[in-house]
Each structure stands twice: as structure tokens, then as C-alpha cells.
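Please read the structure below before turning to the comments.
Protein chains: 4
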Amino acid sequence: MPKVTEEHTEARRRQILSAALTCFAREGFHRATMQDIFREAELSPGAVYSYFKGKDELIAAIAAEVVRFALGLFETLSRPGPEGRLHTPGEGFAMLVRAFRDIDLSTWAHRTRLGPQLLAEAQRNPALRGRVREGLGRGVGIFAELARAAQERGELDPQLDPEHVARLMLAGFHGLLIQVSLLGDVVDVDAYVKTVAALLDSRAATRQTTPA
Amino acid sequence: MPKVTEEHTEARRRQILSAALTCFAREGFHRATMQDIFREAELSPGAVYSYFKGKDELIAAIAAEVVRFALGLFETLSRPGPEGRLHTPGEGFAMLVRAFRDIDLSTWAHRTRLGPQLLAEAQRNPALRGRVREGLGRGVGIFAELARAAQERGELDPQLDPEHVARLMLAGFHGLLIQVSLLGDVVDVDAYVKTVAALLDSRAATRQTTPA
Amino acid sequence: MPKVTEEHTEARRRQILSAALTCFAREGFHRATMQDIFREAELSPGAVYSYFKGKDELIAAIAAEVVRFALGLFETLSRPGPEGRLHTPGEGFAMLVRAFRDIDLSTWAHRTRLGPQLLAEAQRNPALRGRVREGLGRGVGIFAELARAAQERGELDPQLDPEHVARLMLAGFHGLLIQVSLLGDVVDVDAYVKTVAALLDSRAATRQTTPA
Amino acid sequence: MPKVTEEHTEARRRQILSAALTCFAREGFHRATMQDIFREAELSPGAVYSYFKGKDELIAAIAAEVVRFALGLFETLSRPGPEGRLHTPGEGFAMLVRAFRDIDLSTWAHRTRLGPQLLAEAQRNPALRGRVREGLGRGVGIFAELARAAQERGELDPQLDPEHVARLMLAGFHGLLIQVSLLGDVVDVDAYVKTVAALLDSRAATRQTTPA
DNA sequence: GATGAATGAGTGTTCATTCAT
DNA sequence: AATGAATGAACACTCATTCAT
Chain A
1 MPKVTEEHTE
11 ARRRQILSAA
21 LTCFAREGFH
31 RATMQDIFRE
41 AELSPGAVYS
51 YFKGKDELIA
61 AIAAEVVRFA
71 LGLFETLSRP
81 GPEGRLHTPG
91 EGFAMLVRAF
101 RDIDLSTWAH
111 RTRLGPQLLA
121 EAQRNPALRG
131 RVREGLGRGV
141 GIFAELARAA
151 QERGELDPQL
161 DPEHVARLML
171 AGFHGLLIQV
181 SLLGDVVDVD
191 AYVKTVAALL
201 DSRAATRQTT
211 PA
Chain B
213 MPKVTEEHTE
223 ARRRQILSAA
233 LTCFAREGFH
243 RATMQDIFRE
253 AELSPGAVYS
263 YFKGKDELIA
273 AIAAEVVRFA
283 LGLFETLSRP
293 GPEGRLHTPG
303 EGFAMLVRAF
313 RDIDLSTWAH
323 RTRLGPQLLA
333 EAQRNPALRG
343 RVREGLGRGV
353 GIFAELARAA
363 QERGELDPQL
373 DPEHVARLML
383 AGFHGLLIQV
393 SLLGDVVDVD
403 AYVKTVAALL
413 DSRAATRQTT
423 PA
Chain C
425 MPKVTEEHTE
435 ARRRQILSAA
445 LTCFAREGFH
455 RATMQDIFRE
465 AELSPGAVYS
475 YFKGKDELIA
485 AIAAEVVRFA
495 LGLFETLSRP
505 GPEGRLHTPG
515 EGFAMLVRAF
525 RDIDLSTWAH
535 RTRLGPQLLA
545 EAQRNPALRG
555 RVREGLGRGV
565 GIFAELARAA
575 QERGELDPQL
585 DPEHVARLML
595 AGFHGLLIQV
605 SLLGDVVDVD
615 AYVKTVAALL
625 DSRAATRQTT
635 PA
Chain D
637 MPKVTEEHTE
647 ARRRQILSAA
657 LTCFAREGFH
667 RATMQDIFRE
677 AELSPGAVYS
687 YFKGKDELIA
697 AIAAEVVRFA
707 LGLFETLSRP
717 GPEGRLHTPG
727 EGFAMLVRAF
737 RDIDLSTWAH
747 RTRLGPQLLA
757 EAQRNPALRG
767 RVREGLGRGV
777 GIFAELARAA
787 QERGELDPQL
797 DPEHVARLML
807 AGFHGLLIQV
817 SLLGDVVDVD
827 AYVKTVAALL
837 DSRAATRQTT
847 PA
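As they're listed, the protein sequences go chains A, B, C and D. Letter by letter, the first sequence follows residues 1 to 212 of the numbering used here. Letter by letter, the second sequence follows residues 213 to 424 of the numbering used here. Letter by letter, the third sequence follows residues 425 to 636 of the numbering used here. Letter by letter, the fourth sequence follows residues 637 to 848 of the numbering used here.
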């Protein structure tokens with residue numbers, strides 16, 4: 001009992017989760033077997049099962065981590081930037097993509113594979129579904145807020161529905177993951193982000209000026 | 213039951229494919245068992261296996277159909293509309309979503325579930341991967357063309373990279389499927405399409421005017 | 425009813441049996457499927473099933489044919505040859521091998537494969553077992569008779585047990601089929617026959633000469 | 637059940653192999669199901685599959701054991717006996733049959749059934765085929781050697797082709813298995829062996845006397 | 001706490017056989 | 001008589017999970 005500290009426990013959890021993530025990204029949730037994970041983690045079945053109740057819990061834990069990451073990011077996005085105003089939608093979008101690309105708890109390639117799988121799996125797995133919906137809802141809320149703020153500052157066409165601008169931003173992100181996971185480096189992520197941001201932001205500044 | 217031909221055979225194929233689609237949409241490719249499909253199709257294992265070589269071929273056939281549909285649609289999009297000019301990107305996007313929503317070979321709900329699954333599955337399944345990549349490539353090509361034409365007509369900011377505008381359009385579509393599959397009717401598809409189209413099209417008319 | 429004559433019926437039976445024999449020799453009794461046979465016979469399942477009750481009956485019919493052939497041959501062997509005396513064991517052995525090799529109702533290669541399979545299958549299949557035992561018994565009987573006659577003529581060591589000489593002759597035949605089926609042309613059948621015959625017969629030639 | 641090793645593993649392998657051998661001898665390779673083997677071994681499917689990759693490997697392992705046994709025996713036969721000379725062909729034959737009859741890793745009845753099946757199966761199964769050919773080749777080589785030595789000692793008719801005498805000896809063995817598997821105790825194995833040995837050996841003694 | 005051999009329900013698939021036409 | 005689409009029991013095999021040590 002004194003032997004095993006909390007740190008040890010947490011380290012083991014991370015070790016297992018990391019192995020699982022690698023396997024899931026490599027093979028998909030269903031094709032990856034628990035044996036694969038035991039091997040990747042260099043741990044016995046019993047060891048893994050004493051930290052997680054089963055495969056579903058492993059998937060859920062990974063999903064939870066991804067969603068937690070996203071929620072934290074949204075939180076950041078909802079706070080004014082250094083210039084003292086809320087980020088523009090374009091800035092927000094760029095920050096989302098970049099933050100997601102720069103985490104180090106696994107490679108960008110792994111994450112682009114995992115994202116679409118998680119999204120697809122969430123359709124059927126109630127535990128995932130709740131979490132993912134929460135993340136989605138929060139994302140739409142934040143981005144809609146940015147859009148509304150931009151409209152108020154006269155930087156975005158006031159006729160556009162902020163909620164649906166927000167949905168497009170999320171879609172733009174999810175769709176990017178899909179394209180990268182299937183096409184790899186053919187997709188120039190930076191150029192994509194720049195184009196999307198330009199489309200979202202340049203927008204109404206123009207508008208505003210125009211009519212007058 | 214001898215001397216049955218062509219129509220009968222084709223009808224059976226459709227019956228099986230339709231049952232498979234229902235099961236895959238309901239349970240996911242991996243969780244759906246062949247038994248589920250036999251039951252849904254009200255056919256015996258042997259009957260199904262005499263039309264398709266196995267589960268993989270069933271998945272491949274469904275993917276092929278989806279991709280074929282998309283390619284046909286892209287073909288339509290690449291031809292000038294009634295006004296004698298190419299469709300604007302916004303029109304193109306709206307046509308894509310609406311066409312996909314209005315096919316009747318199964319419900320919209322089924323298709324929104326199937327899409328993300330197909331995209332996720334394509335990561336690991338080489339047969340799917342090739343097809344999906346082809347569809348993706350063609351889609352980017354067509355939408356980029358529309359974007360370029362719009363730029364030439366002075367309707368889209370010439371600074372935007374047409375390829376990445378096209379990628380965003382595809383992403384906007386895939387992301388929509390994801391959101392609808394997870395959130396259901398919470399998503400107002402028509403409003404979404406209108407917003408995206410407005411964002412894509414209104415654009416440069418304004419721009420044009422601005423500099424002055 | 426008038427349409428289909430008995431000849432027609434018999435021709436169909438032979439057509440089916442011949443196809444089955446080809447398939448069984450090519451794939452083995454268990455691996456060969458009824459579908460293979462339908463294809464080989466260019467006949468529908470129903471057609472085949474109206475002539476034979478099932479796969480087992482097909483196997484039984486082929487076995488029956490082989491055994492009938494062997495029994496006919498043994499009958500011939502049991503009758504005195506042109507010189508007015510019974511054949512020597514060596515002559516008998518040579519006649520057995522040559523007769524079996526020269527039937528034309530299928531190739532020698534087919535028959536060398538079928539033989540060992542039939543013998544193995546007879547262990548478990550009661551219908552075959554009875555027939556094969558009958559053939560075996562008759563073979564031992566005939567060859568033992570030849571051996572006894574040779575002993576009486578002073579051409580074979582009288583100390584040898586005729587029954588077991590007969591068993592060796594049959595074994596020499598079955599073992600030849602095995603070797604040919606596994607080694608193909610590596611086995612020089614004629615040289616083998618000559619050697620076996622010499623071993624069985626020469627014996628007494630010596631003997632003959634001796635007394636003098 | 638952790639920390640089990642070597643002996644345990646080897647014991648399990650033998651337990652499974654033994655169960656498989658029993659089932660194969662009882663039902664034949666194809667009719668025996670894996671379920672039969674699980675039941676006979678009193679083990680679960682997973683347990684069996686963790687020791688052997690599949691049914692084919694089980695068959696291959698059994699074949700390997702039989703061939704290994706035969707090769708070891710041939711090795712023994714190729715060495716001079718107590719009298720300082722090579723065994724006569726008749727002695728060699730008797731040793732082969734007796735050694736095969738006296739192993740205790742399963743009953744003689746089982747082995748007489750397995751032999752012909754293995755020989756038949758080897759026709760189609762390339763893995764078996766290679767092994768069996770090797771055993772056959774070695775057997776012919778050894779027996780031919782014994783025959784040649786006997787010829788040199790003046791104990792065997794020098795006109796006989798040693799290779800084909802050897803083939804007859806192998807055939808005499810395989811054919812014995814066939815007869816015993818089909819006829820059971822009707823066959824007096826000892827008398828058979830004595831007769832065959834006498835035929836092979838007594839031979840030239842006679843010869844010797846003749847010329848004079 | 002950790003091990004890993006063992007479990008067994010469940011999977012995708014095959015194929016001898018039937019029977020409406 | 002002949003067809004061939006359809007059946008469904010049976011098969012080989014997988015893999016998430018357990019538990020004696």
C-alpha cells in the first residue's frame with residue numbers, strides 16, 4: 001500500500017492511454033484489439049484492467065481528454081486577446097487549428113485520424129455522444145459569440161446568422177481533419193487556415209465601408 | 213426459382229444493399245453483424261453471400277454508390293447553369309447539400325450517419341480509401357473551378373486561394389453531416405446553407421467596390 | 425416419358441460420375457464441393473440430385489465402380505492363362521497394375537490420387553467400408569490361390585504363408601498408388617512391377633533348377 | 637494462472653496434440669471439427685488457438701511428429717546391427733513395422749488409421765506433402781542401401797533393382813496400415829511381417845545353391 | 001499489485017441440399 | 001425433366017474479459 005503512490009498510478013494511466021491512442025489511431029477503435037494495447041503498453045491484461053474497466057472506458061477516457069482539451073481551448077478563445085477585444089472569427093479559427101496541431105500528447109497525424117473516428121463513434125456510443133455534444137455545443141457557443149462581437153464591431157456582415165457562421169467554423173475544422181487524415185500532406189494546412197480566416201474576417205470591414 | 217433475371221437480380225442487390233445501409237447507419241460498420249443484415253433483408257446467409265462476397269464488399273458497394281452519386285453531382289456542378297454562367301461557389305455548395313439531402317434511396321438521417329463513418333473507415337480500408345480520395349479530389353477540383361470563375365467575374369476576392377476555398381466548401385459539407393448526425397434537428401440545415409452561401413458569394417462584389 | 429430413354433439416363437449418370445471423379449481426384453472428397461461438380465458436369469444442382477441422392481452417394485458410386493473393376497479383374501486372374509496353368513503371383517501382380525493403369529475412364533494420375541483417398545475414406549464411411557473390404561477380401565483370396573498353386577507347382581517356397589504373400593501383393597499395389605500420387609513420375613512403374621514380379625516368382629525358378 | 641512455464645506449455649501442447657490425434661483418427665481430418673478437439677482436450681477454443689494457429693497447423697504438427705519418428709527410425713536402420721553387418725532387408729522391414737507398432741504416444745489402432753489419411757491428405761496439402769516426400773525419399777534410400785548390402789553379401793538376387801525392392805518394402809508397410817485400418821484384427825501382423833521378411837531374405841540362399 | 005493462461009460467446013463465412021417455377 | 005435461387009445448420013476462428021496464482 002505505501003509502495004504505490006498516486007503518481008505511479010497516474011503515470012500508469014497515462015502509459016496505458018498513450019498506448020491505446022497509438023493503437024486506435026493506427027487501426028481504428030474496432031480493429032485495434034486489447035492485445036494490441038497490452039503489447040504497445042508493455043503491460044499485462046490484468047494490469048490494464050485494473051486501471052480501466054474495459055475497452056469502452058479506454059475509448060471514453062481518450063474522448064474525455066480530447067473534449068477537455070477543446071473545452072479549455074474554447075475557454076481561452078472566449079477571453080479578450082492582447083488588444084483588449086475579442087478575437088475575430090478568423091483568429092479564433094486559426095487558434096483552434098494551431099492549438100490542435102501543436103499539442104504534443106501524440107502526433108498530428110494520430111490526431112487527425114482519431115478525430116474523425118471519435119466523431120463517427122460518438123453516433124453510437126452514448127458515453128462519447130454526451131461528451132462530444134457538449135464540446136460541440138460549447139464550440140458553437142463560443143464561435144457564435146466571436147461572430148456576434150465582430151458584427152457589433154462592424155467587422156462581419158450583420159445579416160449572417162452567427163450560430164451558423166460558428167457551425168461552419170467547426171465544420172471547417174472537422175473537415176480539415178478528414179482531409180488530412182485521408183490525403184496527408186497534400187493538404188497545406190497553413191494555407192487553408194489563412195484562406196478560411198481571410199474569408200471570415202476581411203468580410204464586413206469591406207461591407208461597412210461600401211454602402212456609404 | 214429458376215429463370216429469374218436481370219431485374220430480379222438487380223432488385224435483390226438493392227434489397228440487400230438497402231438492408232446493409234440501414235444496419236450500418238444504425239450500428240456502425242463494425243458493430244453491425246452479418247446476422248443483422250440477414251434479418252433486416254429477410255434473407256438467408258447464403259442468399260446474401262451469393263450477391264456479395266462478404267461484409268467488406270458490402271461496405272465497398274455502399275461506398276461506391278455514395279461516391280458515384282457525388283461524382284455525378286460534381287459533373288452537374290461543373291456545367292453552366294440556366295443563366296449561362298458557371299454556378300457561384302455559394303450556389304454550388306447549396307446544390308451539394310440539397311442534392312444529398314433529397315435522394316430517396318434512404319433517409320437523410322441514414323446518410324448523415326453513414327457519411328462520417330465512411331470517411332473514418334476510409335482511413336484504414338484501402339479499397340474505400342481510393343474511392344473516397346477520388347471523390348474528394350474531384351470535389352476540390354470542381355469547387356476550385358467555381359471559385360476561380362467567380363474571381364474572374366469579380367465576385368470573389370481574388371486574393372483567396374481557390375483550392376482552399378474549395379476545401380472549406382467540402383469541409384463545410386462533411387462537418388454538416390457530422391453535426392446533423394450527432395445533434396439531429398438542432399441543426400437548421402437550410403439556415404446553415406444560406407449562411408455559408410452568403411459568406412461565399414456576397415464577398416467580393418463588396419470588395420470590388422471598396423478600394424475606391 | 426417417352427422423351428427420356430434409358431440410354432439418356434445412363435449417359436447422364438456417367439457424365440455426372442465422370443465430373444465427380446475429376447473433382448474428387450483434383451481436390452479430395454471433402455474439399456471438392458458439389459458446386460465444383462455441377463460446374464464440371466455443366467449441369468444444375470437439381471439435375472445432379474435427380475440422379476444421385478447426395479454427395480455420399482456419388483462417392484459410393486465411384487467406389488462401387490472401382491471395386492467392380494477390381495472384382496472383374498480378380499475374376500480374370502482366377503482363371504488359367506493361355507499356358508493352361510494359373511498365373512504365377514508375379515504375373516498376377518503385373519496384370520493388376522497394368523490393368524489398373526490402362527483403363528481409360530480417367531487418367532492414371534486421377535486414379536492414383538483417388539485410390540488412396542478411397543482407402544482412407546473407407547475407414548469412416550460404412551457404405552464404402554463394406555465394398556472396399558469385399559474387394560480386399562476377394563483380392564487376398566485370389567492372390568493366395570495363385571500363391572498356393574505356385575507352391576504346388578514347386579515355384580514358390582512352401583514355407584511361406586499364401587495369405588500373407590497375397591496381402592503383400594495387395595500392399596505392393598496400394599503402396600505403389602501412394603508413391604505415384606505423391607512423387608509422380610519419379611517412380612518408374614514398369615521397373616517396379618518387374619522387380620516385384622521377379623521377387624515373387626524367380627524364387628522357384630531357382631527352386632526348379634535346384635533338384636536336378 | 638501466470639508464471640507457468642516450459643513443462644506446462646509442453647504438456648499442454650501434447651495434451652492438445654493427443655486430443656487432435658484421437659479425433660482425427662476417429663473421424664478423419666475433415667470430419668473432425670475443432671469443437672470435437674476442444675471437447676476431447678477439455679479445453680476452450682481460445683486455449684487451443686493459443687498453442688496452434690489453426691486446424692492446419694494441428695494436422696501439420698501431427699504429420700511432423702510421424703515423419704520425425706520415421707526419420708529417426710531410418711537413422712537407426714542405417715547403422716550396423718549387433719552382428720557387425722547391416723540389417724538384411726527382411727530385418728529392416730520387421731524393425732519398421734515393430735517400431736511403429738510399439739510407440740506408445742497413441743494406440744496402434746489410431747496410428748493405422750492416421751497413416752493412410754496422412755498419405756491421402758498429403759496429395760493436396762503442400763505443407764504435408766513436403767514432409768511426407770522427405771520421409772518417403774529417406775525411407776527408399778535406406779532400404780535400397782540395405783538391399784545393395786545384401787546383394788554384396790550374396791544374400792539377395794543381384795539382378796533385382798535395389799531401389800524398387802526398397803519401394804516394395806515401403807509399400808508393404810503402407811499397405812499393411814491400410815489393411816489393418818480396414819480389417820482390424822483379421823490381419824495377423826506378426827505372420828505378415830514374418831512372411832515378408834522371409835520373402836525378402838531367404839531368397840539368395842537358394843540362389844547360392846543353384847548355379848552349382 | 002501484477003500476471004498471463006484460460007474462457008466462451010459471438011463472428012464472418014461455406015456448402016450440401018431443397019423446391020417453386 | 002430441369003433449373004438455380006434460396007436455405008440454414010455448421011464451421012473455423014477471434015478477442016474482450018476473468019481469476020487462480
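Glycine included, every Cβ here is placed at the ideal spot set by N, Cα and C.
So, with DSSP's three-state summary, where would you put residue i?
| i | result |
| --- | --- |
| R419(B) | In this prediction, R419(B) scores a pLDDT of 40, lower than 50, which makes its location untrustworthy; no coordinate-derived value is stated. |
| S181(A) | helix |
| T645(D) | helix |
| Q547(C) | coil |
| F286(B) | helix |
| Q477(C) | A quick correction: the sequence has Lys, not Gln, at residue 477(C). In this structure, K477(C) counts as coil in the three-state DSSP scheme. |
| L380(B) | helix |
| V620(C) | helix |
| A244(B) | coil |
| G505(C) | coil |
| T536(C) | helix |
| E791(D) | coil |
| E254(B) | coil |
| T446(C) | helix |
| L722(D) | coil |
| D585(C) | coil |
If we call anything under 8 Å between Cβ atoms a contact, is residue i one with residue j?
| i | j | result |
| --- | --- | --- |
| E799(D) | V776(D) | yes |
| L818(D) | R557(C) | yes |
| F688(D) | S680(D) | no |
| L58(A) | A20(A) | yes |
| G293(B) | R124(A) | no |
| D577(D) | A615(C) | Residue 577(D) falls outside the range modelled here, since chain D spans only 637 to 848, and no answer is possible. |
| E432(B) | C235(B) | Because residue 432(B) is not part of the residues shown, which for chain B are 213 to 424, the question remains open. |
| P540(C) | P752(D) | yes |
| H810(D) | L750(D) | no |
| F286(B) | I354(B) | yes |
| A571(C) | A590(C) | yes |
| A471(C) | R555(C) | no |
| S521(C) | L600(C) | Sequence inspection shows Val at residue 521(C); the Ser mentioned does not correspond to that position. Yes; because the gap between Cβ atoms is below 8 Å, this pair is in contact. |
| A484(C) | A551(C) | yes |
| S474(C) | E569(C) | no |
Comparing C-alpha positions only, which one of the options sits nearest to residue i?
| i | options | result |
| --- | --- | --- |
| I62(A) | T76(A), G175(A) and H110(A) | H110(A) |
| V189(A) | V66(A), A47(A), R101(A) and V48(A) | R101(A) |
| A668(D) | S686(D), K691(D) and V816(D) | K691(D) |
| S442(C) | D460(C), T429(C) and E430(C) | D460(C) |
| T288(B) | V377(B), S262(B), R350(B) and T221(B) | R350(B) |
| G184(A) | L348(B), V405(B) and L308(B) | L348(B) |
| L319(B) | R224(B), K406(B), V392(B) and V398(B) | Position check: residue 319(B) holds Thr in this sequence, whereas Leu was assumed. Minimum Cα distance to T319(B) is reached at V392(B). |
Does the beta carbon of residue i fall short of 7 Å from some heavy atom of the ligand SAH?
| i | result |
| --- | --- |
| L601(C) | The ligand SAH is not among the ligands present in this structure, which contains no ligands whatsoever. |
| said: Tell me whether the segment 505-522 of chain C and the segment 722-739 of chain D touch, counting them as touching only if at least three CB pairs, one residue from each stretch, are closer than 8 Å. | reply: no
| Where the segment 174-190 of chain A meets chain B: residues whose CB sits under 8 Å from a CB there | H174, G175, L176, I178, Q179, S181, L182, L183, V187 and D188
| field | the segment 162-177 of chain A / the segment 69-79 of chain A touching (three or more Cβ pairs under 8 Å) | value | no
| request: Select from the segment 663-695 of chain D all residues with a C-beta closer than 7 Å to any C-beta belonging to chain C, and list them in chain order. | output: E663, G664, H666 and R667
| query | Listed in chain order, which residues of the segment 498-528 of chain C have Cβ atoms closer than 9 Å to some Cβ of chain D? | reply | none
| request: Quick one: which residues of the segment 127-151 of chain A get their C-beta closer than 9 Å to a C-beta of chain B? List them in chain order. | output: R129, V132, R133, L136, G137 and V140
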